[in-house]
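The opening residue of the sequence shown carries number -1 in the numbering used here; numbering runs sequentially from there.
First the structure, in the form of structure tokens, and then the observations on it.
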Amino acid sequence: MAWRLGAIRNGLGRLALACALLLAASAASAQPPLQLGIFPYLPTATLFDTYEPLRQHLADKLNRPVELSTAPSFNEFTRRGLAGEYDLLIAGSGIGRYLEKEAGYVPLVVSRREIRALLLVGARSKLTKIADLRNARVATLDPFTVMSLLGTDLLRQGGLDPERDVRFSIVSTSFNAAQAVILDEAEAAVVPSLLLTQLTAEMRAKLRILAESPAVAGITFYARKGAALPPSSGLTALLLDFGDNREAGRRFIQKAMLDGLRLPAANEFRTNDALLPEIRRQLNR
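So, in structure tokens, the structure goes:
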């Protein structure tokens, strides 16, 4: 009789545990998916393919569905971030700093690859200083990209009013911006410093650096304050572990060209505050 009672108790215990696990799984699946917003710096299909391993890792570790999301433009992405549509967010540190200040997003980790903008002109150009670009054509990326924001700030630091003193030509890639200078379609181009290593020797010989911006933080990962998420410290540890210790994470880091993930330095993003007025101006256009 005692054996039977023990067996019954053990059976009931296992049943209770199974029910508890089933209920927990049901509760997790019943929760709305977390929205992981990624700024649209790549074609959508490429963007989602690149970030799918991260989405899967987050879904597994948080025991909750995670959906990748983006927007048709940087402007719209910023507006959706302001509206709180993203629980987790990945953006350049320009837009990211704006959403941190205006919508309470908390920076978790940042890519080890920093961003530095160059103002390129033709190798034989007579332009010697930024002020010489008055009334010139400047090829650049979308105004919301940190690259374009850094270029605009360089022009201001050089004594120009970017809105009145130059004519911007918006191009889809930094390569196209550099090519516009080579083809005499623009007097200058705003490009990342990394681009020079990707151009052919022949193209580099036709270009010259007129000015260079200070380095700023690269792609940054954020959590929305008030979202149903674990504490920021836990999310940070989860992301660092993925990038450092998981094979899928290391492949993701390489494919996304992040050079690794790290903790943000104290007050690191304050250097981006000079870019915020231009973001506000673009949003109000």
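Note that CB positions come from ideal geometry on N, CA and C, so glycine has one too.
Note that the C-beta distance between residue 215 and residue 91 is below 7 Å. In the assembly as shown, residue 42 is an exposed residue. Its beta-carbon has fewer than 16 other beta-carbons within 10 Å. Rounded to whole angstroms, the gap between the alpha carbons of residue 67 and residue 133 is 39 Å. Assignment of residue 109 by DSSP, reduced to helix, strand and coil, places it in the strand class. Closest in alpha carbon position to residue 240, among 32, 281, 53, 210, is 53. For residue 94, the three-state secondary structure derived from DSSP is helix.
Nearest neighbour of residue 262 by Cα position, chosen from 190, 187, 111, 142, turns out to be 111. Straight through space, the alpha carbons of residue 93 and residue 166 are spaced by roughly 20 Å. Beta-bridge annotation (DSSP): residue 166 is paired with 136. Nearest in C-alpha terms to residue 270, of all of 136, 258, 212, 283, is 212. Here the alpha carbon of residue 200 sits roughly 10 Å from the alpha carbon of residue 180. Under DSSP, residue 67 takes part in a beta bridge, and its partners are 35. DSSP places residue 199 in the helix class (H, G or I) of the three-state scheme. In the same chain as residue 225, and ignoring 5 residues on each side of it, the C-beta atoms closer than 7 Å to its own belong to 85, in chain order. Counting only runs that start and end inside the region 203 to 280, the alpha helix (DSSP H) elements of at least 4 residues fall at 230 to 243, 245 to 253. By the Cβ criterion, the region 104 to 122 is not in contact with the region 271 to 282, since fewer than three pairs of Cβ atoms, one from each stretch, lie closer than 8 Å. Judged by beta-carbon spacing, residue 237 lies beyond the 7 Å limit of residue 119, meaning their Cβ atoms are not closer than that value. By the CB criterion at 7 Å, residue 35 and residue 87 fall inside the cutoff. Residues of the same chain with a CB within less than 7 Å of the CB of residue 82, apart from the 5 flanking positions on each side, are 101, 222 in chain order. Pairing residue 157 with residue 188 gives a Cβ-Cβ distance that is not under 7 Å.
For residue 121, there is no enclosing beta strand (DSSP E), since its DSSP letter is neither H nor E.
In this structure, the straight-line span from the alpha carbon of residue 57 to that of residue 206 is close to 47 Å.
Per DSSP, reduced to three states, the secondary structure at residue 148 is helical.
Across the set 44, 37, 33, 60, the C-alpha of 60 shows the shortest separation from the C-alpha of residue 228. DSSP places residue 60 within a helical segment (H, G or I) once states are collapsed to three.
Spatial neighbours of residue 80 in its own chain (CB-CB distance under 8 Å, excluding positions within 5 residues in sequence) are listed in chain order as 97, 100, 101. One thing to note: residue 170 has its Cβ no nearer than 7 Å to the Cβ of residue 193. For residue 164 and residue 143, the gap between their C-alpha atoms comes out near 18 Å.
For residue 180, the enclosing alpha helix (DSSP H) begins and ends at 172 to 180.
The continuous stretches of beta strand (DSSP E) do not include residue 158, and DSSP gives it neither H nor E.
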